[in-house]
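Here the protein sequences line up with chains A and B, keeping their order. First residue of the first sequence? That's 30 in our numbering, and the numbers climb one at a time after it. First residue of the second sequence? That's 24 in our numbering, and the numbers climb one at a time after it. All residues carry an ideal CB built from backbone N, CA and C; glycine is no exception.
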Amino acid sequence: MNKSSIAYIVSIATLVVAIWLGVSIGTVDIPLSTFWNKGADEIATNILWKIRMPRVLLAGLVGASLAIAGAAFQGLLKNPLADPYTLGVSSGASVGAVMTLFFGLSLPILGAYTLPVFSMIGAALTMFLVLGFARLVDRAMKMETIILTGIIFGSFLGSVLSLMIALTGEELRQIIGWLLGSVSMRGWNYITMILPFVIIGSAMLWFNRRELNAMLFGEERAHHLGVNVKRRKFMILIGGSILTGSAVAVSGTIGFIGLVVPHMTRLMWGTDHRHLLTLSFMNGASLLIICDLVARTIISPTELPVGVITAFIGAPVFAFIFYRQRRRGAM
Amino acid sequence: MLQVENLSGGYGDELVVKSVSFDVKKGEVLGILGPNGSGKSTLLKIISGILSAQSGSVTIDGKKASDYTQKEFARKVAVLPQLHAHAFSHSVRETVELGRYPHQTGIFSSWSNKDELAVTEAMKSTAVSRYEKQSIELLSGGEQQRVFVAQALAQVAPILLLDEPTNHLDIAHQQQLLDTIRKEAVEKGLTVISVFHDINLAALYCDRLLLMDNGKISKIGRPQEVVKEQAIENVYHARIKTQPHPELPKPQITLLPDVNGEKIATKVTRANFFSSEEFVVFRASQPLKTVSSAVHNAGLGWYRTFVNRHVDSAYNYDDVKSEMADYLETKGFPLTETVAMMTAVTTEHVEIGEYEGGFGKVFIAVTAGIGNAVDVSQALSRDETPKVGTINTWVIINGELPDEAFIQAMITATEAKSKALQVEKIKDPLTDTIATGTSTDSILIAATQQGKLLPYAGPITELGKLIAQGVFDCTVKAIQAYKKAKGWST
Chain A
30 MNKSSIAYIV SIATLVVAIW LGVSIGTVDI PLSTFWNKGA DEIATNILWK
80 IRMPRVLLAG LVGASLAIAG AAFQGLLKNP LADPYTLGVS SGASVGAVMT
130 LFFGLSLPIL GAYTLPVFSM IGAALTMFLV LGFARLVDRA MKMETIILTG
180 IIFGSFLGSV LSLMIALTGE ELRQIIGWLL GSVSMRGWNY ITMILPFVII
230 GSAMLWFNRR ELNAMLFGEE RAHHLGVNVK RRKFMILIGG SILTGSAVAV
280 SGTIGFIGLV VPHMTRLMWG TDHRHLLTLS FMNGASLLII CDLVARTIIS
330 PTELPVGVIT AFIGAPVFAF IFYRQRRRGA M
Chain B
24 MLQVENLSGG YGDELVVKSV SFDVKKGEVL GILGPNGSGK STLLKIISGI
74 LSAQSGSVTI DGKKASDYTQ KEFARKVAVL PQLHAHAFSH SVRETVELGR
124 YPHQTGIFSS WSNKDELAVT EAMKSTAVSR YEKQSIELLS GGEQQRVFVA
174 QALAQVAPIL LLDEPTNHLD IAHQQQLLDT IRKEAVEKGL TVISVFHDIN
224 LAALYCDRLL LMDNGKISKI GRPQEVVKEQ AIENVYHARI KTQPHPELPK
274 PQITLLPDVN GEKIATKVTR ANFFSSEEFV VFRASQPLKT VSSAVHNAGL
324 GWYRTFVNRH VDSAYNYDDV KSEMADYLET KGFPLTETVA MMTAVTTEHV
374 EIGEYEGGFG KVFIAVTAGI GNAVDVSQAL SRDETPKVGT INTWVIINGE
424 LPDEAFIQAM ITATEAKSKA LQVEKIKDPL TDTIATGTST DSILIAATQQ
474 GKLLPYAGPI TELGKLIAQG VFDCTVKAIQ AYKKAKGWST
């Protein structure tokens with residue numbers, strides 16, 4: 030059996046185990062038999078299908094989106110420190126969401142979905158502004174230009190966020206809670222809301238898996254290999270931004286998944302994007318499901334924001350990877 | 024295969040390439056030369072489509088380059104870049120497989136046998152198959168560059184563009200890389216256009232060279248037509264000299280560094296000579312430019328010490344050269360600085376003459392053994408092996424001689440020697456005719472390459488007259504000494 034089949038088997042197994050743990054562990058333990066046993070305890074069935082399952086699936090989708098977007102951005106920007114938030118899209122999404130909380134907005138038709146919808150609009154606006162501005166500065170849209178533009182817009186929107194937080198009163202806890210990221214109490218509607226974006230965004234990235242491989246050698250090299258660099262770059266940036274925007278919209282800014290998962294996957298299974306994207310997708314899902322499980326059980330009954338856990342696990346893991354890479358570079 | 028017509032382009036409004044036209048035939052290797060900033064890399068970038076042309080056109084296989092889609096173009100033209108560092112690392116095989124990108128169409132395009140074959144073939148011809156699974160960042164620069172050659176070859180494009188492909192490579196890797204590419208051109212008809220920094224490498228490996236100067240073509244043609252002192256000096260503003268390659272009919276250049284200030288004045292005097300019964304030695308303080316038919320360090324070179332060694336007439340070794348080297352070593356002569364020849368004559372009988380000219384002095388040293396005299400006009404009928412019996416002639420000149428003057432000096436000295444034999448009535452014992460020399464004569468011409476330039480050394484030039492007179496006199500005297508020593512009556 031070759032390396033990539035092992036990688037897929039391990040990743041799928043991890044994901045299945047993560048889902049199983051995610052749905053069964055909690056304040057009430059749900060036996061696995063609840064899935065198929067029609068005569069099972071009604072409360073258990075309710076908890077499984079109405080609370081645990083949507084929560085686990087949402088965590089999975091968010092984790093998967095962030096991880097695959099991170100893998101694509103790191104490859105495209107040829108920068109191991111890039112993550113889905115590099116382009117400033119998440120700041121845009123956050124501004125949209127925090128604005129909803131700050132002004133206590135609730136549009137009649139949207140109701141409870143006002144926040145995620147506004148958040149997505151914020152993400153989309155930011156993405157087009159960043160790409161449009163980068164194009165204005167440099168028609169060739171070099172990666173350096175895009176990164177710098179992302180940083181400019183990101184820090185500007187970050188200060189808008191800080192301003193709203195500074196001026197806020199009783200919604201502070203709510204805003205901070207959202208910013209730290211969480212997937213609790215979202216329900217199936219959230220899943221149906223982001224699922225199309227996850228599919229479209231992931232497909233856009235996956236169709237560019239070979240182009241990403243070529244672009245690792247630089248845009249000029251990719252051009253020589255026959256890649257239509259400009260178009261492909263655009264597709265990847267937009268695909269990644271769709272994923273990031275929708276993930277942030279439903280769960281807040283969950284850090285480190287998009288940075289760490291692609292790194293670990295690359296270290297274990299190699300740089301080839303033909304596998305890296307899919308594997309990162311699965312591993313991102315698994316990791317966020319586990320992190321969410323830890324977040325809601327570790328000091329039960331109090332629930333921690335999942336963003337705290339990902340950073341808690343993510344930072345040391347990242348430090349370790351960084352150390353290993355540097356050590357290898359020094360040899 | 025590829026036509027470039029009136030091509031102009033550059034960065035922004037600034038034209039770096041100005042109205043360049045040329046064409047390249049299938050299987051041809053064209054080298055682009057030029058100083059920094061002459062537009063050679065820009066020209067390559069416009070051809071490869073990285074920069075767009077402002078005017079003019081590039082035509083590939085009868086179709087405008089701009090009419091190709093990106094993938095179609097990559098199926099026609101592969102590019103090998105200069106070596107770069109990369110943030111993430113593919114394995115060698117993954118890297119080479121990327122070369123198949125332009126051949127894969129459709130979203131789910133699968134890997135075909137043809138793809139596999141091209142990759143295997145490319146890795147084989149660049150000898151990277153054994154690294155297949157390794158990560159490229161762990162390979163050395165030379166190995167990495169070979170992997171990228173494999174990637175370009177896996178593209179199986181009929182045209183290969185290279186931008187200073189040998190940058191940062193040591194000479195062995197430079198050679199390997201260019202040998203591989205040359206082989207592809209000769210055996211498979213690959214058309215190659217390459218930018219070169221190194222004029223010598225370009226002259227060795229290219230069928231034609233294109234010399235760029237300030238965005239325009241200064242010269243295009245075979246290496247012999249382009250690599251010329253004047254043409255190169257005009258474009259590069261560097262002092263150079265051309266010389267033929269020792270094995271191939273290709274020109275090579277050498278820089279002429281500005282070291283006049285460091286030059287130590289050398290003058291050859293009679294005091295530089297020393298003779299004993301073992302050898303005649305000439306020692307100079309600085310190396311002299313020397314042409315000789317000696318045993319040790321024959322040919323052209325720069326040497327400080329000349330040795331004319333006495334050997335027994337029974338001297339007989341299979342490997343004369345290594346015996347001579349051993350001898351020089353035991354006597355303390357530095358092997359790399361010494362020219363050495365041998366004679367059976369008593370070296371104390373060396374005839375050393377000093378001849379004053381307007382430019383400086385010329386020294387002649389002759390040892391003559393004539394037991395083995397030969398009349399060259401009758402030489403065809405001889406069939407015995409040569410015996411020891413030699414006239415060794417040294418001509419050492421205070422002056423600067425071009426190559427042709429060295430050759431003229433040899434002719435003049437040889438004629439004077441023959442005349443001396445004639446005057447002394449030395450006969451070829453076999454044919455009983457007047458001899459012209461012996462069967463193993465040696466000559467050495469050396470010059471300080473300082474002072475006055477002496478362009479010619481024919482027999483009626485100032486230098487030639489001295490050589491002729493000197494060699495004649497010294498040879499006559501040396502023959503007389505030889506006769507006397509042998510007890511011949513005169």
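Chain B places a beta carbon closer than 8 Å to that of A:T300, counting this residue as a contact.
Minimum Cα-Cα distance from B:I55 among the listed residues B:G381, B:F219, B:N339 corresponds to B:F219. Any Cβ of chain A closer than 8 Å to the Cβ of B:S112 would place that residue at the interface, and such an atom is present. Bounds of the beta strand (DSSP E) holding B:P274 are 274–278.
Under the Cβ criterion (8 Å, minimum of three pairs), the segment 259–271 of chain A counts as touching the segment 236–243 of chain A. Around the CB of A:W298, 16 or more other CB atoms lie within 10 Å, so the residue is classed as buried.
Only those residues of the segment 83–95 of chain B whose C-beta falls short of 9 Å from the nearest C-beta of chain A are listed: T92, Q93, K94, E95. If you ignore the 5 residues before and after B:V418, its C-beta comes within less than 8 Å of the C-beta of V385, F386, I387, A432, A436, I466, L467, I468, A469, I490, G493, V494, all in its own chain and listed in chain order. Between B:S315 and B:T289, the beta carbon gap of about 18 Å keeps them out of contact (Cβ cut-off 8 Å).
Distances from the CA of B:P357 to each of B:T328, B:V39, B:V373 were compared; the closest alpha carbon is that of B:T328.
In the same chain as B:S64, and ignoring 5 residues on each side of it, the C-beta atoms closer than 8 Å to its own belong to D186, E187, V218, in chain order. Counting only Cβ-Cβ distances below 8 Å, A:N237 has no contacts in chain B at all, with the closest Cβ about 10 Å away. Close to chain B, meaning a Cβ-Cβ distance shorter than 7 Å, is no residue of the segment 163–184 of chain A at all. Counting C-beta atoms within 10 angstroms of its own C-beta, B:Q178 has 16 or more neighbours from the protein chains shown and is therefore classed as buried.
For the segment 248–274 of chain A, the set of positions with a beta-carbon nearer than 7 Å to some beta-carbon of chain B reads E249, R250, H252, H253, L254, G255, V256, N257 in chain order. The three-state reading of DSSP puts B:F296 in strand, counting E and B together. Taking a beta-carbon distance threshold of 8 Å, B:G122 counts as an interface residue toward chain A. The segment 138–222 of chain B is shown to contain whole beta strand (DSSP E) runs of 3 or more residues at 182–186, 214–218, in chain order.
For A:A243, the chain B residues whose Cβ falls inside 8 Å of its Cβ are L121, Y124, in order along the chain. A straight line joining the alpha-carbon of A:G287 with that of A:D112 spans about 5 Å. Per the coordinates, the alpha-carbon of A:S231 lies some 23 Å from the alpha-carbon of A:A126. Taking 8 Å as the upper bound for CB-CB distance, A:A340 and A:G284 are in contact here, some 5 Å apart.
Runs of the alpha helix (DSSP H) lying entirely within the segment 412–460 of chain B and spanning at least 4 residues, in chain order: 426–446. Assigned with DSSP and collapsed to three states, A:T43 falls in helix. Per DSSP, the beta bridge partners of B:M235 are B:I240. By a beta-carbon distance limit of 8 Å, B:P310 does not contact B:P274. Their separation comes to about 25 Å. Taken through DSSP and simplified to helix, strand or coil, B:I483 comes out as coil. Counting the other CB atoms within 10 Å of its CB gives A:M214 a total below 16, which places it among the exposed residues. With respect to the 8 Å criterion, B:M24 and B:P181 are classified as neighbours on the basis of their beta carbons. Under the Cβ criterion of 8 Å, B:I73 is counted among the residues facing chain A.
The C-beta distance from A:G343 to A:G281 rounds to 15 Å, too long to meet the 8 Å contact threshold.
The beta carbon of B:P104 sits closer than 8 Å to some beta carbon of chain A. Here the segment 59–73 of chain A makes no contact with the segment 290–308 of chain A; the two share fewer than three CB pairs at distances below 8 Å. Here the segment 65–76 of chain B lies against the segment 25–42 of chain B, with 3 or more beta-carbon pairs under 8 Å apart. No Cβ of chain A is located within less than 8 Å of the beta carbon of B:H196. Less than 8 Å separates the beta-carbon of A:I318 from that of A:G51.
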